[in-house]
Amino acid sequence: MMNQEDLFKKIIAHSKEYGFVFPSSEIYDGLSAVYDYGQNGVALKLNIREYWWKAMTMLHSNIVGIDSAIFMHPTIWKASGHVGAFNDPLIDNKDSKKRYRADVLVEDYILKIEDKVKKEVAKAEKRFGESFDKEQFIATNGRVVEYNKTIREIQIRLAQVQNDNDLPAFKALIEELQIACPVSGTRNWTDVRQFNLMFDTKLGSLSDDANKIYLRPETAQGIFVNYSNVAKTSRLRIPFGIAQIGKAFRNEIVARQFIFRMREFEQMEMQFFIKPGQEDTWFEYWKATRIAWHKNLGIDASKYRFHDHEKLAHYATAATDIEFEFPFGFKEVEGIHSRSDFDLKQHQEFSGKKLQYFDNEENASYIPYVVETSIGLDRMFLLILSAAYEEETIENEGKSDIRVVLKIPAPLAPVKAAIMPLVKKDGLPEKAKEILRSLAFDFNCQYDEKDSIGKRYRRQDAIGTPYCITVDHDTLTTNTVTIRDRDTMLQERISIDTLAEVIDKKVSMKTLLKNIDANK
Ligand code: ATP
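Numbered by our numbering, the letters in the sequence shown go through residues 5 to 524 in order.
Written out as structure tokens, the structure is:
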């Protein structure tokens, strides 16, 4: 097994080398926590987007999409609470001059204890072999019980200082846990301060504070302020949802972990408007629906878990995260929040416009409640790469060799098939290009005639292409090609006439979407 830290470094290097993710403005030495997507990255991102968008809007007849502007009236952010409360607690180490998020320092401390638990479990698993009962071990082993108790206590303390917004108590907690700066190794900390995460800029030519506007820190508010427009023009009745995919901006205090925490990123959010009192039912519904969407991708289910919030954001009445085990530990990829009528009520008050819903059945008006699902497109992208990256040892003409392969779920793979003439002569390139043309209407394909077939296979493995199709001399007489499967590396000879069907079977977004319900 590869060390997880090494794995993460390899994923970052691989992303760059194979055109998935580039540091932004690289020839100017980059811009911290901003990234660009390359030729393969953009295709993978588009496919993730399509999977989410179709699952939300096409598979739910009561969900529609919108695309609202990034710039919005500044009062929106007062109403939403972001001007007053969208803060992160920050702390500096006086020796290294490094800045940290105080909550992340504590969370990282917890992760270290979680690692110790994991090590104990792994050790015991080795010792007991087949007869090992993991749950029982975790419940009864003295050391593990003690570790888990400590974790729980720290989590409760952390939630408390955050909920009370008690900054001195926050610092006291960090001191009590004897957390040291990872860079200087000292515990010489400043006080904890609050830092607002919103970027601002000026609208128009007057550099006046009255013209200050914000870059949206979430897409959700664009949905809330269009609630009435959609309700009136769509004829949807409650319960109904509005979905949106778009950029969001946060001036994150610490930019680390590649595209996990960016200052400019993309969110896929859906606000589901419901009758007050039904929020628990819909919260459960969306938890189940969203985890099914993830599991349907066939990624190891043990890498997913729910994490209920102890600390609730200023708008939430209940919240859970879907966490994934990234190479740097379990971290949030998606949030599901029960937001009550907080947002619409605030907008009604601040705008002076009625944002009520008339319920025919009840013969009464009310402000709808909202359950939202919010996933970061870039984090989902990193999730896919983390789950997909594999180094396999294979035998090649008597020698063992390492094959790097991205086992990306086939419907999300950037390139679906690569067409390769065995040699660059005898009419094989022409034939290969003819096949490419016939497939290009349905699938994103690549043509490759350079280097040995083995090298070409490796290049496609490295970007996760599910199929390689080789055109050889027999193709010209038998109308057949060989098709090689990325995961099994097995090759089969099939008729050109069946190619599209064979590829489609594996890479079809439609089939992927059809299977979602089976995971519920
Ligand atoms: P975190 O605690 O990691 O900062 P959050 O709880 O503030 O995240 P939300 O406000 O719930 O995140 O945002 C919803 C989703 O948007 C997150 O689950 C995540 O996938 C994504 N997201 C949030 N911040 C970032 C960021 N800086 N970079 C990339 N994705 C982000």
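All residues carry an ideal CB built from backbone N, CA and C; glycine is no exception.
Since this is a predicted model, take the numbers as computed values, not measurements.
Could you tell me if the beta carbon of F269 falls within a distance shorter than 7 Å of some heavy atom in ligand 1? F269 has its CB nearer than 7 Å to a heavy atom of ligand 1.
Bridge partners for P27 per DSSP, in chain order? DSSP, once it has assigned bridges, lists Y39 as partnering P27.
Per DSSP, M272 is paired with what? DSSP output for M272 lists I249, I379 as bridge partner(s).
Please state whether the Cβ-Cβ distance between I340 and R294 is less than 8 Å. Cβ atoms of I340 and R294: closer than 8 Å.
If distances are taken between C-alpha atoms only, which option among H18, T144, L48 comes closest to L416? The candidate whose alpha carbon is nearest that of L416 is L48.
Are the beta-carbon atoms of G250 and E270 separated by less than 8 Å? A Cβ-Cβ contact shorter than 8 Å links G250 with E270.
Note the first and the last residue of the continuous alpha helix (DSSP H) segment covering D284. For D284, the enclosing alpha helix (DSSP H) begins and ends at 283 to 299.
On the DSSP letters alone, give me the boundaries of the alpha helix (DSSP H) that I80 sits inside. From DSSP, the alpha helix (DSSP H) with I80 extends over 79 to 83.
Separation of E396 from G402, as counted between CA atoms: Straight-line Cα distance between these residues: approximately 16 Å.
Q225, buried or exposed, once every other Cβ within 10 Å from all chains shown has been counted against 16: By the neighbour-count criterion, in which 16 or more other beta carbons inside 10 Å mark a residue as buried, Q225 falls on the buried side.
I379 CB to nearest heavy atom of ligand 1 below 7 Å: Because some heavy atom of ligand 1 lies under 7 Å away, the Cβ of I379 counts as near it: yes.
Can you determine whether any heavy atom of ligand 1 sits closer than 7 Å to the C-beta of M266, and answer yes or no? For ligand 1, at least one heavy atom lies less than 7 Å from the Cβ of M266.
Can you give me the start and stop residues for the alpha helix (DSSP H) that S306 sits inside? No alpha helix (DSSP H) holds S306; DSSP gives it neither H nor E.
Would you say the beta carbon of E396 comes nearer than 7 Å to a heavy atom of ligand 1? For ligand 1, no non-hydrogen atom lies closer than 7 Å to the CB of E396.
Buried or exposed, going by whether 16 or more other CB atoms sit within 10 Å of the CB of M6? By the 10 Å Cβ count, M6 comes out exposed.
Following a CB-centred definition, is R383 positioned closer than 7 Å to any heavy atom of ligand 1? Yes, ligand 1 has a heavy atom inside 7 Å of this Cβ.
Would you identify the three-state DSSP class for G69, choosing helix, strand or coil? Secondary structure of G69 (DSSP, three-state): strand.
Using the C-alpha atoms, what's the distance from A322 back to R343? Distance between the alpha carbons of R343 and A322: 7 Å.
Please report the Cβ distance between I217 and L207, rounded to the nearest whole angstrom; I am assuming they are in contact, meaning their Cβ atoms lie under 8 Å. Contact flag correct, Cβ pair sits at about 5 Å.
With DSSP as the reference, label Q464 as helix, strand or coil. DSSP places Q464 in helix when its eight states are reduced to three.
Leaving out five residues on either side along the sequence, give the residues of the same chain with a beta carbon under 6 Å from the beta carbon of R460. Counting only Cβ-Cβ distances below 6 Å, and skipping sequence neighbours, we find M424, D452.
Supposed contact pair E283 and V375 - C-beta distance, whole angstroms, cut 8 Å: In this structure V375 touches E283 by the C-beta definition: roughly 6 Å separates them, less than 8 Å.
Say yes only if the C-beta of E338 is nearer than 7 Å to one or more non-hydrogen atoms of ligand 1, and no if none qualify. Yes.
Where does Y32 land, buried or exposed, given buried means 16+ other C-beta within 10 angstroms? So Y32 ends up on the exposed side.
Paired residues, beta bridge with S100 - DSSP: None; S100 has no bridge partner.
C-beta atoms of A37 and A247 nearer than 8 Å: Taking 8 Å as the cut-off, the beta carbon of A37 is found no closer than this to the beta carbon of A247.
L432, buried or exposed, once every other Cβ within 10 Å from all chains shown has been counted against 16: Per the 10 Å Cβ criterion, buried.
Just list the alpha helix (DSSP H) runs in the region 328 to 379, keeping only unbroken ones of 4 residues or longer that don't cross its boundaries, in chain order. Within the region 328 to 379, the complete alpha helix (DSSP H) runs of at least 4 residues fall at 346 to 355.
Which value, in whole angstroms, describes the spacing of the CA atoms of P418 and I52? Between P418 and I52, the C-alpha separation is close to 10 Å.
Measure from the alpha carbon of A526 to the alpha carbon of each residue in F264, Q261, R220, S232, then state which is nearest. Residue 526 falls outside the range modelled here, since the chain spans only 5 to 524, and no answer is possible.
Taking Y393 as part of the beta strand (DSSP E), name the residues at either end of that continuous run. It spans 393 to 400 - the beta strand (DSSP E) in which Y393 sits, taken as one unbroken run.
Neighbour-count burial assignment, T482, 16 or more Cβ in a 10 Å radius: By the neighbour-count criterion, in which 16 or more other beta carbons inside 10 Å mark a residue as buried, T482 falls on the exposed side.
Quick one: does the C-beta of R309 sit closer than 7 Å to a heavy atom of ligand 2? In the structure on display, ligand 2 does not appear, and the ligands it does have are ligand 1.
Start-to-end residues for the alpha helix (DSSP H) that takes in S442: Counting along the chain, the unbroken alpha helix (DSSP H) around S442 starts and ends at 432 to 443.
Start and end of the alpha helix (DSSP H) containing K526? Because the chain spans 5 through 524 in this model, residue 526 falls outside it and cannot be assessed.
At which residues does the beta strand (DSSP E) containing E134 begin and terminate? First-last for E134: undefined, no H or E at that position.
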